[in-house]
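Protein chains in written order, with this note's numbering: chain P, 1 to 231; chain B, 1001 to 1231. Built from N, CA and C at the ideal position, the CB exists for glycine as well. Heads up, the thing below is written out as structure tokens.
Number of protein chains: 2
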Amino acid sequence: MVTSPVVNTYPLSNYTFGTKEPKMEKDTSVADRLARMKVKVHYWVQFSAPSVDGDSYSHVETWRLIYSFLCYMKEGMRTSVEGILLVQEHNHPHILLLQIGNTFCKLPGGRLKPGENEMEGLKRKLCSKLAANSPSFQPNWQIGECVATWWRPNFETAMYPYCPPHITKPKECKKLFLVHLSEREYFAVPKNLKLLAVPLFELYDNVQRYGPVISTIPQQLSRFQFNMVTS
Amino acid sequence: MVTSPVVNTYPLSNYTFGTKEPKMEKDTSVADRLARMKVKVHYWVQFSAPSVDGDSYSHVETWRLIYSFLCYMKEGMRTSVEGILLVQEHNHPHILLLQIGNTFCKLPGGRLKPGENEMEGLKRKLCSKLAANSPSFQPNWQIGECVATWWRPNFETAMYPYCPPHITKPKECKKLFLVHLSEREYFAVPKNLKLLAVPLFELYDNVQRYGPVISTIPQQLSRFQFNMVTS
Chain P
1 MVTSPVVNTY
11 PLSNYTFGTK
21 EPKMEKDTSV
31 ADRLARMKVK
41 VHYWVQFSAP
51 SVDGDSYSHV
61 ETWRLIYSFL
71 CYMKEGMRTS
81 VEGILLVQEH
91 NHPHILLLQI
101 GNTFCKLPGG
111 RLKPGENEME
121 GLKRKLCSKL
131 AANSPSFQPN
141 WQIGECVATW
151 WRPNFETAMY
161 PYCPPHITKP
171 KECKKLFLVH
181 LSEREYFAVP
191 KNLKLLAVPL
201 FELYDNVQRY
211 GPVISTIPQQ
221 LSRFQFNMVT
231 S
Chain B
1001 MVTSPVVNTY
1011 PLSNYTFGTK
1021 EPKMEKDTSV
1031 ADRLARMKVK
1041 VHYWVQFSAP
1051 SVDGDSYSHV
1061 ETWRLIYSFL
1071 CYMKEGMRTS
1081 VEGILLVQEH
1091 NHPHILLLQI
1101 GNTFCKLPGG
1111 RLKPGENEME
1121 GLKRKLCSKL
1131 AANSPSFQPN
1141 WQIGECVATW
1151 WRPNFETAMY
1161 PYCPPHITKP
1171 KECKKLFLVH
1181 LSEREYFAVP
1191 KNLKLLAVPL
1201 FELYDNVQRY
1211 GPVISTIPQQ
1221 LSRFQFNMVT
1231 S
């Protein structure tokens, strides 16, 4: 008989949350994003890129395409890793999400460096987003099961939970891993971000608010048995 | 480093499909369904249930509720098991679905008998839906990983990939298992059903046609690495 893997989840109140210096998100505004891409592209290309007047959305899209294309030429397929950190409240599993601004939510994680190991890269990203600066307060990140893989076939935002047919050179691969938290931990949240514990029932079927990747986490976790430890 | 489990998938053309006697689906029409439920309810209750004129949808819903309630009183939570059988075409994974009538698709599987083991029950259901009658032509069903669990909290059609908070007595639990097929098999499909090999890209994000359970299978399978065997 196949048994479902058991995941211990501890009450949200077991964890302590402090703050730390802001982690500037790379893309907090369209203007910032454009500026950052322009600098990089100018740095990479041998000739001077044409100057672009205004920051209209279509210009951003053009720059983004050039930028993504050059990144891909330079480093190949991007791999990103994200962590699913579970806590419980009212006997129901909740996921820790970082909120940027008022609406946009994301999982802690980020892009691997070229050649970086997935587990090490995810730990590095979790530390950068959620750990205190002091080495003695580092959470014990236990990276567990891969729960999903998403593919970006083109230089576009659309991602799919498979590499679409006829795509031989996908541009990004994003992997989601379960991160098993210890019974108690101290997290330090960058001052410009908010850490939210969002219940599975809020994520489920809520693609409008959370996007296709986060809104189907409840389905991906449904194969686990949650052991709600109350202590 | 955590590695993704590898699933061998073989070309659709490796498999042979015959037919066998029709398996009458219990609920091919609203009228059949109503009649079946009425007979059962009349059999169970000590007094004669009131006769219902006409087959309007609201009457069916009333009978369905009474029927489900009595089933639950009699047997407790229903457990059903379904199998995800993978083949490949054009280097992309496809799932075998049974089509009833012109639109409704379902995974092979069904309800367990009270106390029945999940693996044995799934094998029994797969044989009933897909195996030839001759014992020498039985496929070698290798039941693998549980990929999802869905809960029905009330006597309603809605299911969730978690047991919703405050629900202590869910009415149904449905488990989806990967079934690892051998390189070659012979399937016998009941004459009233059609067996379809549906690509993941067709299922993805297609809740209208396939419903919430089947349309999120691509996300649940995304953690696997598909080894497309061509032979």
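Return no unless some Cβ of chain B is closer than 9 Å to the Cβ of residue 150/P. yes
Partner residues on chain B for residue 204/P, Cβ-Cβ distance less than 7 Å: 1160 and 1161
Establish whether the CB of residue 1142/B and some CB of chain P are separated by less than 9 Å. no
Give me whichever residues DSSP pairs with residue 188/P in a beta bridge. 18/P
What do you reckon, are the CB atoms on residue 146/P and residue 175/P nearer than 9 Å? yes
Residues in its own chain within less than 7 Å of residue 1069/B by CB, not counting five upstream and five downstream? 1155
Which of the three DSSP states, helix, strand or coil, is assigned to residue 1039/B? helix
Can you name the residues of chain B whose CB is closer than 7 Å to the CB of residue 90/P? 1165
Who are the near neighbours of residue 1226/B in its chain, counting only those whose CB is closer than 7 Å to its CB and skipping five residues on each side? 1007, 1009 and 1093
Assigned exposure category for residue 1037/B - 16 Cβ within 10 Å defines buried: buried
Run of the beta strand (DSSP E) containing residue 106/P, from where it starts to where it stops: 104-106
Going by DSSP in three states, residue 173/P sits in which element: helix, strand or coil? strand
Whole-angstrom distance between residue 1203/B and residue 1188/B, CA atom to CA atom: 24 Å
The stretch 190-224 of chain P: positions lying closer than 8 Å to chain B by Cβ: 199, 200, 201, 204, 205, 212, 216, 218, 219, 220, 221, 222 and 223
With DSSP collapsed to three states, give me the class of residue 1220/B. helix
Over the uninterrupted beta strand (DSSP E) stretch that includes residue 1080/B, give me the two end residues. 1078-1089
Taking 9 Å as the CB-CB limit, is residue 127/P close to chain D? Given the protein chain composition of this structure (P and B), no chain D is represented.
Looking at the C-beta of residue 1080/B, does it have a partner C-beta in chain P at a distance below 9 Å? no
Expected contact under 8 Å - CB spacing of residue 1112/B and residue 1081/B to nearest Å: 6 Å
Taking the continuous alpha helix (DSSP H) assigned at residue 1207/B, which residues delimit it? 1207-1215
Taking the alpha carbon of residue 181/P as the point to measure from, which residue in 78/P, 88/P, 66/P and 79/P has its own alpha carbon closest? 88/P
Between residue 146/P and chain B, is there a C-beta pair that is closer than 9 Å? yes
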